[in-house]
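All residue numbers for the sequence shown refer to our numbering, where the first residue is 55 and numbers rise by one. The C-beta atom is built at its ideal place from N, Cα and C for all residues, glycine as well. Single-structure report; data block below.
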Amino acid sequence: MTSTVDAPVPARRRGFRPLRVAAVDPLCEDAAAVTFEVPPELAAEFAFRPGQSLALRRTGPDGEQRRSYSICAAAGDRPRIGVRVVPGGLFSSWLVHEVRPGDVIDVLPPSGSFTPDLGSGGQHVLIAAGSGITPLLSIAASLLRETTSEVVLVYGNRRSDTVMFADELADLKDRYPARLDLVHVLSREPREAELLSGRLDPDRLRALLGTLVPVDETAHWWLCGPHGLVDGAREVLAGLGIDPARVHRELFHVDEPPPEPVRAEDAPPPGARSEVTLVLDGRTSALSLARDVPVLDGAQRSRPDLPFACKGGVCGTCRAKVTAGEVVLRRNFALEQAELDAGYVLTCQSLPVTDQLTVDFDG
């Protein structure tokens with residue numbers, strides 16, 4: 055049984071909006087930056103915080119595809135995403151090689167909590183590899199422009215010709231020479247300093263920290279890249295005694311296996327269901343959902359407007375707050391501990407475990 059009632063609609067809605075492409079700027083052979091025009095009536099919806107992301111939708115012969123891309127613009131600028139072609143990735147290849155200014159793309163309003171507090175200063179250390187630079191460029195540019203923060207950016211790539219935003223990073227260094235330290239590390243191209251030649255693995259990070267990169271227990275650390283880099287960096291920082299609450303992560307590629315199936319002792323009885331109340335854009339829906347199916351998948355049949363992109367527990371687009379009942383969160387690469395403690399979950403990875411459950415996407 056499904057029922058839906060309307061309530062006052064929040065100022066920011068979660069539905070897709072058609073945005074016109076303002077510019078497509080090549081960054082290197084396999085990457086580009088795509089900038090969107092935002093009409094005045096959508097300005098409030100698409101006002102973003104540095105480090106947030108946009109989910110894009112494309113419908114073609116093979117059906118609907120969605121992908122999430124981090125915003126690489128400074129706060130207050132037009133939304134712009136950085137895209138690197140993924141081998142075999144039809145969506146990324148389309149954006150980099152086929153999309154042109156004037157094209158219209160369906161875009162969800164910004165989402166994500168991988169964002170700094172622009173109301174405070176302090177030191178921020180940013181560690182990225184490859185396309186992981188995208189949200190960190192937004193964070194660095196915003197901090198430098200809007201605060202008095204000191205920023206250190208450690209950026210790993212294969213070769214100098216694969217560095218995304220190389221000119222833009224150099225411009226930031228020229229504009230803020232006293233407040234930005236920029237450290238490039240190349241794994242397949244020798245550099246004058248041995249320390250800067252090789253992969254950004256834990257051993258190299260340990261060597262960098264305390265020499266080229268100061269370790270300050272009051273700093274905030276921002277990590278973005280493949281799972282191996284992020285996990286290794288967190289391990290190094292933990293060994294240095296850095297407070298985990300000051301270490302923020304975002305993943306671009308996850309090489310982890312799919313979520314483990316529910317263990318036999320935790321498995322719901324055959325046919326078990328939960329009565330789930332969903333809240334999105336001021337509309338409340340009462341649904342009966344199977345307990346062995348993630349909330350997002352089960353609810354989409356009745357609420358196709360639910361926000362999502364990757365469905366892999368990485369992008370955070372499907373984030374919502376559990377205000378009553380409980381779920382099992384099978385996989386999480388997007389939410390920080392403070393969000394989990396506040397009741398937020400990824401609905402693409404959440405299995406209902408109580409008879410009654412309320413999930414609020416507007417919370």
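What distance in whole Å lies between the Cβ atoms of residue j and residue i, which are believed to be in contact at a cut-off of 8 Å?
i, j, result
"residue 203", "residue 177", "7 Å"
"residue 208", "residue 262", "6 Å"
"residue 503", "residue 363", "In this structure the chain extends from 55 to 417, so residue 503 is not present and cannot be described."
"residue 100", "residue 163", "6 Å"
"residue 133", "residue 75", "Residue 133 to residue 75, Cβ: 11 Å. No contact."
"residue 192", "residue 292", "With a Cβ gap of about 26 Å, residue 192 and residue 292 do not count as contacting."
Assign residue i to one of two classes, buried (16 or more other C-beta atoms within 10 Å of its C-beta) or exposed (fewer than that).
i, result
"residue 113", "exposed"
"residue 214", "exposed"
"residue 150", "buried"
"residue 394", "exposed"
"residue 95", "exposed"
"residue 345", "buried"
"residue 198", "buried"
"residue 347", "exposed"
"residue 304", "buried"
"residue 385", "buried"
"residue 166", "buried"
"residue 406", "buried"
"residue 352", "buried"
"residue 299", "exposed"
Give me, in chain order, the residues of the same chain whose beta-carbon lies closer than 7 Å to that of residue i; leave out the 5 immediate sequence neighbours on both sides.
i, result
"residue 287", "181, 259, 277"
"residue 448", "No statement about residue 448 is possible, as the shown extent of the chain runs from 55 to 417 and does not include it."
"residue 201", "172, 175"
"residue 327", "342, 343, 344, 345"
"residue 445", "Missing from the structure shown is residue 445; the chain here goes from 55 to 417 and no further."
"residue 79", "86, 87"
"residue 289", "256"
"residue 279", "182, 183, 184, 186, 306"
"residue 269", "263, 294"
"residue 225", "none"
"residue 227", "234, 236"
Residue range of the alpha helix (DSSP H) that residue i falls in?
i, result
"residue 193", "187–200"
"residue 146", "144–151"
"residue 221", "220–229"
"residue 256", "256–262"
"residue 273", "Counting along the chain, residue 273 falls outside any alpha helix (DSSP H), and DSSP gives it neither H nor E."
"residue 161", "Not the alpha helix (DSSP H): residue 161 falls in the beta strand (DSSP E), residues 158–161."
"residue 403", "Premise fails: residue 403 is in no alpha helix (DSSP H) and is neither H nor E."
Just the C-alpha distance for residue i and residue j, rounded to the nearest angstrom, thanks.
i, j, result
"residue 358", "residue 370", "17 Å"
"residue 349", "residue 267", "43 Å"
"residue 413", "residue 376", "5 Å"
"residue 56", "residue 373", "For residue 56, the predicted model reports a pLDDT of 41, less than 50, meaning its position is unreliable and no value from the coordinates is stated."
"residue 184", "residue 87", "14 Å"
"residue 392", "residue 399", "11 Å"
"residue 135", "residue 255", "27 Å"
"residue 73", "residue 111", "11 Å"
"residue 274", "residue 301", "6 Å"
"residue 325", "residue 368", "29 Å"
"residue 365", "residue 388", "11 Å"
"residue 410", "residue 339", "13 Å"
"residue 247", "residue 222", "23 Å"
"residue 379", "residue 408", "6 Å"
"residue 430", "residue 283", "One cannot answer for residue 430 here, as it falls past the ends of the chain, which runs 55 to 417."
"residue 397", "residue 381", "10 Å"
"residue 77", "residue 153", "9 Å"
"residue 210", "residue 237", "9 Å"
"residue 66", "residue 330", "With a pLDDT of only 45 at residue 66, under the threshold of 50, the placement of this residue in the model should not be trusted; the figure read from the coordinates follows. Taking the straight line from one Cα to the other gives about 23 Å."
"residue 98", "residue 157", "22 Å"
"residue 356", "residue 239", "49 Å"
"residue 220", "residue 160", "29 Å"
"residue 148", "residue 131", "24 Å"
"residue 332", "residue 109", "21 Å"
"residue 272", "residue 218", "29 Å"
"residue 71", "residue 105", "20 Å"
So residue i is in the beta strand (DSSP E); what residue range does that whole segment cover?
i, result
"residue 340", "337–344"
"residue 138", "134–138"
"residue 78", "71–82"
"residue 112", "107–114"
"residue 177", "177–183"
"residue 396", "Neither: residue 396 is in no beta strand (DSSP E) and is coded neither H nor E."
"residue 121", "117–124"
"residue 327", "327–334"
Once the 5 residues before and after residue i are set aside, which same chain residues still bring their CB inside 6 Å of it?
i, result
"residue 242", "212, 213"
"residue 124", "107, 188, 189"
"residue 401", "349, 350, 372, 374"
"residue 119", "112, 145"
"residue 103", "169"
"residue 253", "241"
Could you pull out every residue in the same chain whose Cβ sits closer than 8 Å to the Cβ of residue i, ignoring the five residues on either side in sequence?
i, result
"residue 229", "198"
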